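Down below is the structure, laid out as structure tokens.
Residue numbers (my numbering): 14 to 680.
In structure tokens form, the structure reads like this:
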């Protein structure tokens, strides 16, 4: 019998077992007929490993997730507190690979025995942390039918610097088919057909936590249904945040009330200070070589929070040391309590090019191509509106606004030796000498891009923050740093906060690391005895002081910037967010004819200004030309946009001539 419509969500292990069940007899018969001590023993293992139940199970889950809105039926660890999720149910997690542990060996096939009757049963250990036995059965560790297999464990954290609007939109989409966690009433007829009880994958909180919510009458729910969409979304996010806050408070109280000999609180190893969310040990069974540190990954898998994991960890710690404070640090980091760091056994996992929930994950599919085609019809209009916003934010400077727009869609699309092609760092110099301006500028950028971080270059931050990830050999883990960021994160470096003082050794290292990132798009991770180079793709925007080339700031600057932000309607923000993510991933090429014209222009410029025009200038102009073309939806360079590139560069260089005696880090 095939799994029922809802089993794949609430009981994925049961679904897997259904596929395995019809092979169990084959397993037993094959192993009974084969002499495993002889030459045929190896053949038995090979035949067992080649049985196609795994392939069939994976195909089943893939097909299920292709169904309309099926992905939104799966609860997300990003949005739903762990206490609300049913153990061993199917969940998803949008995350960044922060570290990669050593391969883990487990019993892929194991046999249990009932001592009195000697009845034996074969089990599959895949997607489990703890072996499962029938009543009165025990695992026969000496069975010749046991097969040891291998899986890879990744330590994953929420995507660093992920914008609040990304979280809210993802949360609303994920819970739209389920009224259990919405603070508003969702009509029953919006629930997907064939999905009998979507709330089964998300259960009521455990007895250790009871949410304090006042019940509303049916009339109040109906009134809330009549409220605008924006209010519903705000309420959804507010209740979710309140629940998470209560859970964090109770966890903190539990830690404070525990015995004084307990180990110190576990560091979840988030790259950015102040980050919140679940960390997770993701166990991957196939093609784990495709994933590497700093990749953005979406995982669909079986949630494992078995309390036995914590008990096993405690027993190991006790065996290693009489004093719990001296417990083995590596064991503590690699086997943390499942209530703090749940395990997720990946059934399906794939890398993401972006985390924008408004844009399809892949633009190469038929749906993705249709989405691109539809948006291109309005692209030029959206670009003009966004350019108008950026011009207002930069106090009327249209040239700086155009460069800022190009920066926001830039991407390192290839590398030639050590040179990152497509890198486009921008320094906006001459910013008003007030912290409120750069803060307001960052807030508006934060509303536009999916991931960002505001790095204030104060003396305290430079000397205290750890920019570079480093290897902790005692714990056998990679300790994160501020520059361990996901692809296309916008790093807003605020130089207007610079102050007089002395950089210590940490500050000097941080400054050097930031310089390497800006110049070469790489971060050298510290492995104590050597440095390992990690290429990255981070959009760096620098704001600095100096003689202002921007128009005179209005007298009430903060109110002016706030009015610009308030004027951003949700529909307009949606267009801007789609635009910035979409044009970055368009294909691009240069025809032979235009290539010849560019070469001729460059030769002519070298003749006219042999000392001031270099190969580096040509590379920068080609990057600007590429971004200008993509910004208007053109996938190849035209003479028109090459001419516009030259005009922009002339304007920029004139400004540099005016300012080079003041500050050497301009655009």
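Ideal Cβ placement from N, Cα and C applies to all residues, glycine included. The structure presented is a predicted model; accordingly, all values stated were derived computationally and were not measured.
Using three-state DSSP, classify residue i as helix, strand or coil.
i: residue 433; result: strand
i: residue 558; result: coil
i: residue 5; result: Because the chain in this structure spans residues 14 to 680, residue 5 falls outside the shown range and cannot be described.
i: residue 481; result: coil
i: residue 428; result: strand
i: residue 580; result: coil
i: residue 440; result: strand
i: residue 632; result: helix
i: residue 645; result: coil
i: residue 99; result: coil
i: residue 627; result: coil
i: residue 13; result: An answer regarding residue 13 cannot be provided, because it is not within the stretch 14 to 680 covered by the chain.
i: residue 175; result: strand
i: residue 542; result: coil
i: residue 348; result: coil
i: residue 411; result: helix
i: residue 289; result: coil
i: residue 696; result: Shown here, the chain extends from 14 to 680; a query on residue 696 therefore has no answer.
i: residue 201; result: Only weak support is given to the placement of residue 201: the predicted model assigns it a pLDDT of 32, under 50, and the value that follows is read from those uncertain coordinates. Looking at residue 201 - three-state DSSP - the assignment turns out to be helix.
i: residue 76; result: helix
i: residue 423; result: coil
i: residue 375; result: coil
i: residue 587; result: helix
i: residue 523; result: helix
Would you mind sorting residue i into buried or exposed? The rule is 16 or more other CB atoms within 10 Å of its CB.
i: residue 369; result: buried
i: residue 446; result: exposed
i: residue 580; result: exposed
i: residue 22; result: buried
i: residue 486; result: exposed
i: residue 450; result: buried
i: residue 670; result: exposed
i: residue 424; result: buried
i: residue 621; result: exposed
i: residue 409; result: exposed
i: residue 557; result: buried
i: residue 534; result: buried
i: residue 211; result: Note on residue 211: pLDDT 38, under 50, position unreliable in the model; no value is reported.
i: residue 32; result: buried
i: residue 125; result: buried
i: residue 548; result: exposed
i: residue 108; result: buried
i: residue 300; result: exposed
i: residue 625; result: exposed
i: residue 597; result: buried
i: residue 769; result: The structure shown does not extend to residue 769, since the chain is modelled only from 14 through 680, so no value can be given for it.
i: residue 280; result: exposed
i: residue 28; result: buried
Name the DSSP beta bridge partners of residue i, please?
i: residue 548; result: 535
i: residue 309; result: 109
i: residue 504; result: 466, 553
i: residue 120; result: 161
i: residue 490; result: 485
i: residue 358; result: 296, 315
i: residue 170; result: 109
i: residue 5; result: Since the displayed the chain opens at 14 and closes at 680, residue 5 lies outside it and no answer follows.
i: residue 89; result: 105
i: residue 364; result: 310
I believe residue i touches residue j by the beta-carbon criterion, under 8 Å. Please report the beta-carbon distance rounded to the nearest angstrom.
i: residue 506; j: residue 454; result: Rounded, the Cβ-Cβ distance is 12 Å, inconsistent with contact.
i: residue 312; j: residue 362; result: 5 Å
i: residue 527; j: residue 476; result: Between residue 476 and residue 527 the Cβ distance is about 13 Å, and since that is not below 8 Å, they are no contact.
i: residue 359; j: residue 318; result: The Cβ separation is near 16 Å, so there is no contact.
i: residue 91; j: residue 180; result: 7 Å
i: residue 315; j: residue 103; result: 7 Å
Please check if any C-beta of chain C sits within less than 8 Å of the C-beta of residue i.
i: residue 469; result: In summary, chain C is missing from the structure at hand, where a single protein chain is found.
Handout entry: Cβ pair count under 8 Å reaching 3, the segment 603-615 against the segment 413-423
Key = no
Practice task
Decide yes or no for the touch test of the segment 70-77 against the segment 146-163: beta carbon pairs closer than 8 Å, at least 3 of them.
Solution key: no
Exercise for the section: Kindly confirm or deny that the segment 589-599 and the segment 388-402 touch, where touching means at least three C-beta pairs closer than 8 Å. Expected result: yes
Exercise for the section: Report yes or no: do three or more beta-carbon pairs, one from the segment 468-484 and one from the segment 525-539, lie closer than 8 Å? Expected result: yes
Handout entry: Any 3 or more C-beta pairs closer than 8 Å across the segment 170-185 and the segment 289-297
Key = yes
Practice task
Evaluate contact between the segment 383-392 and the segment 131-150, counting only Cβ atoms and requiring at least three cross-stretch pairs below 8 Å.
Solution key: no
Problem - Stretch-stretch touch, CB-based, cutoff 8 Å, three pairs: the segment 427-439 with the segment 657-664 - result: no
Exercise for the section: For the segment 495-515 and the segment 307-321, state whether three or more C-beta atom pairs, one from each stretch, are separated by less than 8 Å. Expected result: yes
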